[in-house]
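Numbering (our numbering), first residue to last: 804 to 1506. Note that the Cβ used here is the ideal one computed from N, Cα and C, for glycine as well.
Here it is, written out as structure tokens:
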């Protein structure tokens, strides 16, 4: 029996569990090849009557490159390709951005999240101030508005707009008391035929409505606010994101960009002063204290660990944000730093906050209206020439660096990924839920995000500055040619480096521009015990599986995959923080900036290299100074302290270094049986579209 390639095995598991659609005809999930055929068929159907045979053959060739895992399209297109995309074009796009400047903007963000897009949200005072004033006692009519929620993405999003209209002046529903009727919403577990999976039922949406009402009642009645502030808009949208957690699509991926002078947003994920608290009860079984605290004139029920109760509540009279505003966990927050205005001292202070609290992150920008997607590799200014805010989209595709060994390979893969990206950029017809500015902004720049994952799998080719520049210019040329073939605008900006998450596992590569964890390491995947794909895997390889120590409710198991990477690949020990930053800077200069189409890029913005840098304690000062001095070439960089991978059990990534590790390695590899997921028969569709946490600059996939 030939030696098992565990990179192939983890690839098959991740694809089948996260991306494969259910095929009712054969009562199983689709294979990789079947999935790619589905996505290719969607594009070929769209352009079959518009393109000559040789161009259609080029599209088929590009998707043959996907079948070989040399490139990948938008992962959203793999999840939704077909009717789900043609019904809601937003579903083909990985990411979108929106400034909050109107009541309608809240509904549009909800719509995008329900479509599966990651959304960058701007809560800048300049735009928040455009919202109408809040109602007061004189505006409340007492008239009941019974609002029937339609059972559709648009219906759910509309319900948020209707709710907010009751709390703002100068709207159709100003001052009315809204009561929602959820009777039209399908029961939990009903099949979703268009997007796949199961209906979530109405409870998540009902809870969202309840919490937004309570928030608005509090700021109007208890705090006597006349206007919504950025922190309030933020919390409303995070409650909306919680509804998406229950919404059958995927965990909402959001980032929130705020102004450097907004102290409330700066402190959003810190500690809050407790004005008073009740007597707390101790639970011997859970070792926790439960009681009530009052913060900012609002009472919260909280459950604290022994340490939090003793050292924070009793000694400092503070409580952590996660206990009173847990919805804020749905986003990663970053402060916008204008490159020509931020001082070194300001930057250092923000990095210190990040070290202390984990957030906010930072993002360097050239313009106060600049926005970024949740992974920060795409730059936007989503405002029209006449000052109207709208949604702007970007689609992504990736070159698999692990499959590249020569410059010719690099150019060929870049060509395929760019053709696919240009096809994806043509999907702008079915965006009718969004305002007119959305279609205008998206079509005007027709942004692509051609990325490379596994840059450090073949560094001799992929980190060569001249090679990067040649490939980036080739991408611009290919996009220009194909945009004209398809009748759309050439992209203003074409190339980027995204941090990558599960797609790198599918492609058997390192993630983005990060090195592999080690030459040999364990890669652990958390799985729900009742997930059919996991159960099938466990039945074949029970020795790979064990209960998760991180599952509070004991619902999850963990699979440990033993991975070996090529000798030519770079691993974590090959880099320190400054060397990694040098690589990122060079790639921004050569791959990203050469991917700007100067003829069509009319905004002071570029795409970016998004990444995580692990910083050893003695390196922090040098790293901060390097970033500030070279801020022209950096936008968002996630800085995390370098810690050992043996500090806690079942680390996601763990190098093989000890005798115990070697024993585990032998156990895992010697008894393994390759898994054929075509044999997994399912009577019904139990797929769940990929659940991914809100990501920012690589936090979702640490190396």
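Annotated three-state conformation of residue 824 is coil, per DSSP. With respect to residue 1023, residue 937 sits close: the two C-beta atoms are nearer than 8 Å. Residue 1477 is positioned such that its CB atom lies closer than 8 Å to that of residue 812.
Comparing alpha-carbon positions, the option among 1350, 995, 986, 939 lying closest to residue 971 turns out to be 939. For residue 1262, the uninterrupted alpha helix (DSSP H) run begins and ends at 1262-1265, by DSSP. Judged by DSSP in its simplified three-state form, residue 849 adopts helix. The C-beta distance from residue 1223 to residue 1200 rounds to 5 Å, short enough to fall under 8 Å.
By the Cβ criterion, the region 1324-1342 is not in contact with the region 838-849, since fewer than three pairs of Cβ atoms, one from each stretch, lie closer than 8 Å. DSSP links residue 1084 through a beta bridge to 1093.
By the C-beta criterion, the region 1288-1305 is judged to be in contact with the region 1244-1253, since at least 3 inter-stretch pairs fall below 8 Å. For residue 1126, the uninterrupted alpha helix (DSSP H) run begins and ends at 1124-1127, by DSSP. Pairing residue 924 with residue 903 gives a Cβ-Cβ distance under 8 Å.
Burial is judged here by how many other beta carbons sit within 10 angstroms of a residue's own beta carbon; residue 833 has at least 16 and is buried. Separation of residue 1033 and residue 1349 (C-alpha to C-alpha, rounded to the nearest whole angstrom) is 44 Å. Going by DSSP, residue 1456 is part of the beta strand (DSSP E) stretching over 1456-1458.
If you draw a 10 Å sphere on the C-beta of residue 1463, you find fewer than 16 other C-beta atoms in it, and that means exposed.
With a minimum length of 4 residues, the unbroken runs of alpha helix (DSSP H) contained wholly in the region 1139-1175 fall at 1147-1160.
Residue 1278 holds the alpha-carbon nearest to the alpha-carbon of residue 1220 among 1186, 1278, 1189. In the three-state DSSP reduction, residue 899 falls in the strand class (E or B). Secondary structure note for residue 915: its alpha helix (DSSP H) is the uninterrupted segment 906-918. Within a 10 Å sphere around the beta-carbon of residue 1415 sit 16 or more other beta-carbons, which makes this residue buried. If you check the CB distance, residue 930 and residue 964 do not come in under 8 Å.
By the C-beta density criterion, residue 1038 is buried, having at least 16 other C-beta atoms within 10 angstroms.
Exposure of residue 951 is indicated by the presence of fewer than 16 other C-beta atoms within 10 angstroms of its C-beta. The three-state reading of DSSP puts residue 924 in strand, counting E and B together.
DSSP places residue 1182 in the strand class (E or B) of the three-state scheme. Annotation for residue 863: the continuous alpha helix (DSSP H) segment containing it runs 856-870. Nearest Cα to residue 1365 within the set 1417, 1459, 1359: 1459. Rounded to the nearest whole angstrom, the CA to CA distance from residue 1192 to residue 1481 is 47 Å. Non-local C-beta neighbours of residue 1346 in its own chain, meaning closer than 6 Å and more than five positions away in sequence, comprise 1474, ordered along the chain. If you look at residue 1251, you'll find it in the beta strand (DSSP E) that goes 1251-1256.
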